[in-house]
Structures are given as structure tokens and as C-alpha cells.
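For the record, in the sequence shown the residue sitting at position 156 is 180 according to the numbering used here, with numbers rising by one throughout.
Glycine is no exception: its CB is placed at the ideal position from the N, C-alpha and C atoms.
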Amino acid sequence: MAEPSAAEQRWLEAARDFARRALPAREGPDGPEPPQLDAVLRCLRSAVGGDLPLGYSFISISDLQHQQCMPCCSHLTWSTNEFKEWAHQGQGALPTQSALPRTYLILVGYLTDGRQEVKEKLVDGCLYVKDNTGIIPCELLYFQLEWLDSLLLFPGWSYIPQTDQSATGYVEILVDPVPVNLPKEVPDSIPVTYPVSAKLLLTSRIPCKKRSNLTVAGELARLGPLLCVHQKTFFFLFLKCFTSAVCVPVLVQKPNQLAWHHILQLGCSYTITGLSTSSLKKSGHRVFVTGVSSCLLPYCAEQVREQPLDSALQGESTESSSLETAEPLSDSLELGVEEERPRSTKESKIISYVGTVTKILNVQAGLFLLDNKVCLCLSYQQLLNSARGLRPGACVELIDVHLLQKPLVSFPFIVLGACLSSTVVLKSFSRLSTPYQPPASSGNLYLQLLFRYNLGMPLYLWLVSLLEMFEERFSCFFGRHRPLLRSTHQNTGAAEKFVVPLLQAVVPDREEARDIYNEILAKVHQCPLQKYMTLNPPCQAPSLSTVCHVAEQKSWEGFSPSQLLSPLEAQHMGTQELNRRLTWSYYTVSPGSFQPRLILLGVLRVSSRSNSLQLQDKSSTLPCVIARKDGSPFTHTALLGSLLQVENYQLIVERFLQTDFPSWEHLENLEHVREKKTSVYVQFYFEDVQVLHAAEGQIQKCLRSQNSSSLRKKDDSSLTSELEAPEAKMLKLEDPKPDTHRDENCQGGQSSTRRTSCVSRLFLVTQKEGLMLRNYQLPGEKVGEGRELQRSFQATVLWLGRPQLWSHPRETGNLPELEESGCNGEESVTRQEALLLFMRKSLRWFPFLHLDGLYRFIVPCCSDLEVFDKLCFPPVPAKLLSRSSCPLCLPVQDTWHLQHETWISCLTERQLAAMSVQTGTDQRISSIPEVLSSSFTGSLVSFSGEIMERTLCASPKNEKPSVTVSLQKQKGSLLASGHSVKLSVSVAPGSPVVVDVYIAATYLQHLWGLLPGAKILFQNLERKISRFHNVYCTYIASSCVSIISLPASHLPFPSRPAGEASSPSLVFLSSLQPHLQNLPQSRILCHLSCVLTLSLQWVCSLCSSIFKECVEEPEDLLACYLRSLCRSPLICRPILLDFSLNRKPSKILQPAPPQLRNFWCGEVEFVSQVGPRLNLLCLNVEEVEQDALSYLNSERIRRTSSHCQVEATA
């Protein structure tokens, strides 16, 4: 024999090194040696044709798992052309996918079922390849029992790593392995019983002890899936008689026999030894059960002999049973869609099918797409092999699966569902480099809910769509380490909190638990897939971008500008006023407007752009207004970063139009609409919120509320603060892209003591100003001419007590500062006033800070009790201070956290006495009648009321915005800076006491929820008196508004559509006095006696704007003509007048006794009692026909005379 070459020697040395590391050694004459290597080399030479494959190298299991990161394949015996042909054929079904790259590696190892590797591990029937360095799962298309625990050479295999690099992959065995050692011989002759005779044993009444150690032979008719129930893994197989359709069931549950599942092939004949009969406890079915000594052997007629049964058994009769013949289905799946009968129960068909996996729809839910047109659902089987082998490009054969057409309205594919009586056979592995993502082995919410509620296919597909939507929208906010779909008994996940109530509403009776034994063994097949009904989803939870888009669409459906104005008022408007009134309107969308009903889901955040609250998901953001049903402001900072669910809400679509209508008669012509824009936000009550995922684990103590029925209540001991990871929390409170730099920002870098300690300080809010651009300059900042204004707000607060040091943020609680301040009596120290400046990231606290609230600043990762004092500075240079009591300014830092503790009205008498702040709040809340009173002297007012009407008007000529808001139009504002909104605010609906509040358009981008029907708290408005002695208020830089309550959901449309108004009832002026307070729109017959004032407006015919510098000349002929016309009988005549009460504060009729007045008719003088003069608002004027005038006059005389008779009788 020739000496090996240098290359062969190097290759053999590497092989010996591999054998020493990976293959078990045995003691030889000269000590330990690897004799297995000789057998491996001999087997290798035989496989490749004699020569050693020097181009290949051995690889151990450990090296394969840790060094190979990409899918690959190795074909030891193939040429390059053979491999190219194999790869090309694999790309036929999916031409866009690349073929598996070839690697030149030799895999040698033992094939095992994993029983000896980990004692605690449950044997699940999977196969593994192992050597001394490791073990890896494997999948085979064909398996022989003698290969188990034998050393094998694998000529062709593929390694498929997981998509998650932290976990190992598996091996697909492409070519039958070659045993290194010779297989064991099979016994010559075995006595067997055939299924026809064995069936008698299952139906006879002979005691079970006489029915053991039986050997049954037959053809494999059906093979059930591997199942795991109560930590026991098992499967059923059915052996069929060679000459009839009689079948007997065999239960295989011994750990050393679970590998049989890989050997058994439908249509092949087998012999099973050591069987005994048993009766299943729950179902009562009798089956054959394997024993510890049972063996599975291939059936060979020459090696078996039939064993006759006892004569007693021969005489017993039995009924043969068999499953119905499956209806075949061709590969092309040429199916016609059935005619849909709404809500009709349909029967699924049982078919067989062969197809290629073209897409993994959802591996966690067990959904795979075959041939780009059929969905395969394997979730009703347990998939204990973790779906290994089911990659795109693999071919599968489905036997006795259920065909369901259109189980879910929104599901685009026909569904093939595999139940426990179905068989799924992997026919060939994928030749493509497609990834492998295994389903979760534990905590799989899809399967948990499927089996818990015994869902049918329609409900399961709907559940899958909900969970897919949920994970797609919110997984980016909470990171991979907190999967939203993971759920355990101790910790219910966010997705489970969301979908379980929906499932309970759809399946209220909780269907019976699934009987798996009856499903497998019953003569008449029964399973959850047998009957189904096409499901229309009862609800939906689309992305926020979709919600906004649909709401915008609904707001413009059937829209016409004429809907916004009544023709009674539109026909009297000038061009400029007409177009201005059309500029801004709103549309309300309720949950009932969507079919199916729409559920809102979103993470609560504060917008960095508008500093308003908003819901956010991966797709978009939705501004929100949150109120409380008890009227208190929303202050729960602990909800920031939490995932919320809201089912009762109001979607508000603010519509903005740019129009150039020449007159009201052209409102139906949409060509005059130049531009349409919208702004969408949502408003809801805090009590209607369901917290699905609390920020940083749990909602802290400030969420405990007696009025909250939706939030889950926990004990104090189980509540943890949201400040456990301050760095991560600060990231959540910002507005930027979700999950940005999460890993870097969430890792601690300091000692545990400094990382958890914090300093806090309690304070009372005595005044809060609005959010706007201000010219702040902090100490240490450079003075520059080009310095831009900063969006900011400020609040005056009263420090309560001294700063407190806490070892952990979770310990902050109670109010120790109030107890402290009552003991030492040093009020100058414990009740110091300060002016808080909020800028940059600290603006996120604007929606939560409210008057008369007790709050706590928490400085994380800090132990310096003087941190607040060190940052304070005087508002003006010290030498300019006029008084020493001027509060110091404190810029709120970005990393500080705000926590609401309570309201001053909720404190105990002892705490109030300790605080001595009953008069500490300088801002007094007045009533609207007090504001309107002539005796009111304050210039800044605060009051609450309900918005009765919202009107867009031109800014008053004498109301010029300050320089900070009169810059260029701010980004995000959709109204021109020259506009203002007028809010008519009343104490209650129907009250005649109304005050008008004017807000410049530049402020409106920060103000949401200013709608008719909403109750608002206005703070620091400027009270003014017009030249007509009307009291009104304006929103200024120091003003602020808070939403107390939302409009009722049944409020009508904000403006009455055209043509909807009915004719007002006819009244008489003499009867208005008793009912003046509740006066509706009415109609009177009157005689116009004179016109008091008349104004002229000149309108440009090109741009429809009004000339502002139009001066009326004293001798203007047109003016003279109009003045004479107003005194002529053409104007001073009987008319029908539609009117309402002018609710201007100075025009409201106050109760007063009638006064005597003299009237002259010719030379006759009359004396009569007359009440105060009425001021009415004209809505419409109509001519009176002569016949109608005569009738109305007679009716008035009749009513007047009857009224006089009643008074005379009285």
C-alpha cells in the first residue's frame, strides 16, 4: 500500500484530532485510542468510492453551532453539477429566494432521542445528533430503528440556524445516514395476531390480565401527532388488517418508544410486540398499550406466524369500524367558492393534499402558506418538534385534513386545518436558504387561548389577527426582553388582558373542554374543525394611523359647506364673514360609528412638539384629552409610558377650510373650496381606561382611586414605582422614535446605592400659566442677539417641608413633610415660595400640573438634599429686587420626575392645620355672575363654565397679540394668526348668563377639547369691558385652561344643517316676560318703526375681502339714499321676525317691576305699565301677506281680549 501524501497526512492528523475531541475513546493495548476513527474512515471511503475526501473536513457539533451563523448544506458524494441541479430545482417554487450555500464539512455523530442527555428534560419524541462536544436536534425523512444510539456518517445534511442568534438551530438529514457499525439481526420467527382477531380483545369482557404480551401485525392506516398532556408525551397509531378495513388503536407512551413516530410511514406494514389492553379513564375507549419491552419491527410474512386466540374469544362478536374514506384533492386545488349564506353553519370537508410551503404566516400560531393560496393551520396539533423542517420550499403531504372556505371575512386564504385525526408528513426538505424561527416552547399565548376556550377556526383566526396587530404595533416600545404575547400564571401579559375579555364576550358560555381521546378514537369523527360559521369580527383595533385616516374620511363624507350654517343667518352675511365662519368646524365620531366597533390602543406619552397628551403606536400618534368623571383634573403621571385600552371615547376631527364663496347662494358649489385640512384627536374619561401594560412593571400608588372602576387595584406592598430605571423612564417620556438606543440608555453604570437613591420635595401649586414662547435666559447662558424664544410655562408653588432622602423611589409615599412642618413651627423655612420654570423636556409635565394640587419632585440617582437650592436664582439681579420676598426661580431639570400626591381639598384637618395654607392660594375661582357683575374689580379672573357656542371671528382691532405670539405662523397651527375663537360660556345649559371668551388663533395649537358642551376651568383670563359696556374675557400669556368634563356623547351636530330648522312658534311680546330665562327661538308679528344704525362695507370683487379704509363722505349720495330709505314705508312696515334672546351680559333683561309710561295716539294720551326693553337677536325677516296679516292681527286681538277677561275675573 502506497504511503499517504503530505496532504493526506495533514488530513488524517486533523481527523485524529477530531476523533479525540468528538468521538468516545476506548482502552486499547497501548492505552486509550480512538478505534472508532478506523471504522469512520472505512465507512467514509465506502461512501465516496475509495479515496479520502481531502476537500472536506470534520466538524464537531459544538463548532457547527457556534461557528456557522448562516444556513448551509453539505453533500459528500455529489459533484458540482449535481449540486447546482439540486439547488436550481429547489428555486422553482420561490424564485426570489437563494439556494442553500454549499459547505465542505463531514458530520459524524450518534443518533439519539435525548433521554440520556438531560434527566430533567421531558422526552418529546424528537431526534438529536450528538458527539462529545454537544447535541443538536435533527429531522429525518426516513428513519430506521437500528440507527438509534448508533454512530452514523451523514453524507448529506443542512444546518439551519435560528433567526435569534442566541439560540442554536437544527440539522436536516438530506440523505440516509450510513451506520459505522453493522446493524443487529432480527429474530427469525415471531408469533403475531392480526387486527381482526385483536379487535375482539378490545370488545370482550375477559379480564385485562389475560390480555398482555400480545404481538399485533398490520398495515399502518393512521398515525396521530405527538401530544404532551400532564407532562406525558404519547401518540396513537392505527394498524389495519391486510384483508379488511378493521383497525385497532395502539397507544405509544414509553419514552424509549417515542422515536417510533419518525419510523412509521403510512401504508407500510409493521409488527409491534409486548402489547396489552387498557381502558382510558375519561373516555372509556379501550386501546392497546405498549410496554417497556415492546418492540417495533418491519413486517415480513416469512418471519411471522399467526397466533390463534382462545375459543372463548373466537365466539364473541364485534363490529368492525373504519374511518370514512377521505375525499381526495388534487394538487392544483381548483375549488369553487361556495355561495355564502349569512351566519349559516357549514360542514368542513375532509381531504388530502400535497403542497409546498411558500411562506410562514405565523409560526407561533402554527399558520403556514402552501402554494401561495392555501393556509395550513397546525395549531390544533401541538407541534412538539417546534416546526422543524417546515421552512419555505419544503414539501408536505396532508392526510385527512379539514377544508374550510372563508372562515373569517377578512382572511384571504382557504384554510386546511389539521386536527388530531390528521396526519402531516414532511415529504422533502427545503433547498433554500430560508430562516428558521421556532414557536415558543412555553407561554405561547396563541395555543393557550386556543385550548382554554376550545376555539373554532373562525374565532382562532380572529384571535391571531388581534395578537399579530398587537405585537406589530407595540413590541417596539417594550423591547424584546418583555414580549407582550408572553403570559404566565403569575403575570398576565398585556395581550392576554386585551383579548381575553373579547373572547369571553364572544364565547360567553365557555364551550366544553376539548376531548382529545374522543377526537382520535371515536367511530364518528368529532373535532373543533368539523363545523364552522363565517365570522364577522365583533370589534377591531386598527393602527392609530388607520384610525385617523378613517375618521378624516368620515368627516368629509357627504360634507357640504351649507351644513355649517343655517340659511337664516348665512343669507345676511357678508363675503368675508361667510368664508371666515366656514374656516373652522368639527365633526365627532363615536365608537358606534365604526363597523365593527373600534377599540383604541396606544402608549400614553407627551408630545415633544405640542406638549399635549397623546396615544402612540408604531404607525402614528393621536393627541388625546383625558378628563375625570368627578370633575377633578387628570394628574396621573404614572400612566406615562403605559399601554392603554379605551372603548368609550369621542374622536374629534377639526376641519379647516380655505374658501372664496362670493355669497351664501353658492355654498353648494364646491369649486370655491380651495383647500381642506384636518386635525384629529380623541377625548375620553380616565375611568374608562384599561391599563394593559404599566410603565416599569406596576402602576404606583397615585393610581389608586376610589372613582376608578377600570383600573386593577393592588395592595400597597405590590405597587412599585415607575422610577425603577430612571434612565429608561426618561426615554419613555420623550416623544422621539420608540425604543431608540434602548440598550445603551437602560444599562446602569454606577453603584447600586447611587443608582437607587433619590431626593424628593413636596410642593403646592398656587398658580399656573399657559404654554407659550418666552424669552428666558438661565444663569450661565450666553447673551446673544440671535437667541430664539423658547416654548415654556411657569408655575408658582409653595414648598412644603424640607427635601427628603429616599433609599429607593418606591419608598416615596405618605406626606412626612406635613407632619414635620407642624412640629418645629418654622414656617419661613417650610413654606417658601418659588417660581418653577419648565422648558425643553420638562414641558412634559404641563398636562399634569394643576392648581391646588400637591406634587412631589423626585430627583433620581441623587443624595444631595440641597439640589433644589443650588439651582435656584433670582428672577432679576439682586440689586434690583424691590422686596426680599420675591420668589426665587427654579428651572425644572429634564431628568426630574413629577408625582401627584393629592389635592388640598383631600387633606385632613390636622394636615391643613400643619400647612397653614388655607389662604395660601392667591388665585380665586369666581362664578360667571360675579365676573359679569359691575361691582367686580379684578383685572384677571378665573372661573368655570360650559361652552355653549364656538365661533371663529376676526381678532378685535384693539387686541394685538404680544410679540411672542405675533411672530410668524407657528408650526402646527392651521388657522391664520388674524383669527380668534369666541367661546360663549355659561353656568349651565339654558342659562341666560353668558360670558364671551376670546382666544387668539396663535394659542389654539396647544388647546384641545374646546367644544360646545365641554365644561372648562379658565384661569388668569383678562377681564375687559367693551364700548357697549359688555363684559368679555381674553386669553393672555399668563392664562391657562383645564378640561373639567367632556361633551355628552349625544350632543347634536355643532351647527344645524341647512333645511333642518323648523318654523319657530308664534309668540307675542307681552308674553315673553314670564318665560324670558328659557326663551327659545321664536317668531313675532311686529311693525318696524325705525332703523337705529346702518353700516356699509365695500367688498373687493377679486379677492372678496372688505376694504378697511373705506370712509363715508358726508354728502355721499348712496348714504343719503339709504338714510331716507330707512325712514320710508318700504322699510317701516309689518314683518314676521324670527329671533332669539341676545345673551350679551349687558343686554340680559334683569328682573324689574313694570314702570308707568305715557303714550299718545293723536291728541289722546294713554298711560300703561311697561317692562324693561327687550333686546332680541334677529335671525330671519319675512314679508307678511295681506291675508296672513289680517289673520294674525285678529288672533292677537283675540288672545289679548281673553287675557284681559281673565285678569278682570281674577
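Between L250 and T447 the beta-carbon gap is near 12 Å, outside 8 Å, which marks them as no contact.
In this structure the region 641-655 does not lie against the region 681-695, because fewer than three pairs of beta carbons, one per stretch, are closer than 8 Å. In the three-state DSSP reduction, F522 falls in the helix class (H, G or I). Distance from the CA atom of N396 to the CA atom of A1025, rounded to whole angstroms, is 55 Å.
Judged by DSSP in its simplified three-state form, T683 adopts strand.
In this structure L124 does not touch C162 by the C-beta definition: roughly 16 Å separates them, more than the 8 Å allowed. As DSSP reads the structure, R246 sits in a beta bridge with F262.
The residue from T1058, F501 and L508 with its alpha-carbon nearest to that of L490 is L508.
Note that the C-beta distance between L568 and H426 is not below 7 Å. Beta bridge pairing from DSSP links T369 with M557. The distance from the Cβ of P915 to that of C782 is about 19 Å, inconsistent with a contact at the 8 Å cut-off. Between the region 88-107 and the region 421-441, the count of Cβ pairs shorter than 8 Å is below three; the stretches do not touch. Between the region 555-571 and the region 637-645 there are three or more C-beta pairs closer than 8 Å, enough to call the two in contact.
Here D188 carries a coil assignment [DSSP, helix/strand/coil]. Per the C-alpha coordinates, the member of S1062, P1036 and P273 positioned closest to L964 is S1062.
Annotation for P161: the continuous beta strand (DSSP E) segment containing it runs G158 to L164.
Contact between the region 310-319 and the region 286-301 is established, with three or more Cβ pairs separated by less than 8 Å. The residue from T192, G877 and S182 with its alpha-carbon nearest to that of V199 is S182.
In the DSSP assignment, I438 is bridged to V398. For K154, the beta-bridge partners assigned by DSSP are Y134 and I159.
Secondary structure at G114: helix, using DSSP grouped into helix, strand and coil.
Counted as a single uninterrupted DSSP element, the alpha helix (DSSP H) harbouring E593 occupies residues P591 to A594.
The three-state reading of DSSP puts W171 in helix, counting H, G and I together. In this structure, DSSP gives P203 an extended state, which the three-state scheme calls strand. Distance from the CA atom of A518 to the CA atom of L473, rounded to whole angstroms, is 14 Å. Cβ contact annotation for F708 (same chain, cutoff 6 Å, sequence separation greater than five): V670 and Y673, in chain order. Secondary structure note for H286: its alpha helix (DSSP H) is the uninterrupted segment W284 to I287. Contact between the region 947-963 and the region 1033-1040 is absent: fewer than three C-beta pairs spanning the two stretches fall below 8 Å.
Closest in C-alpha terms to Y166, from the list T192, G133, V202 and G158, comes V202.
An exposed status is given to P322, since fewer than 16 other beta-carbon atoms sit within 10 Å of its beta-carbon. With 16 or more other Cβ atoms inside 10 Å of its own Cβ, P416 counts as buried. In the displayed model, W920 falls within coil according to three-state DSSP, outside both helix and strand.
If only uninterrupted beta strand (DSSP E) runs of at least 3 residues are considered, those enclosed by the region 1017-1078 are 1018-1024, 1039-1049, 1055-1058 and 1064-1069. For A31, there is no enclosing beta strand (DSSP E); the residue is found in the alpha helix (DSSP H) stretching over A30 to A46.
Taking each of G616, P561, R538 and E593 in turn and checking the Cα distance to Q550, the smallest one comes out for R538.
By alpha-carbon distance to L824, the top candidate from R864, G877 and F872 is G877.
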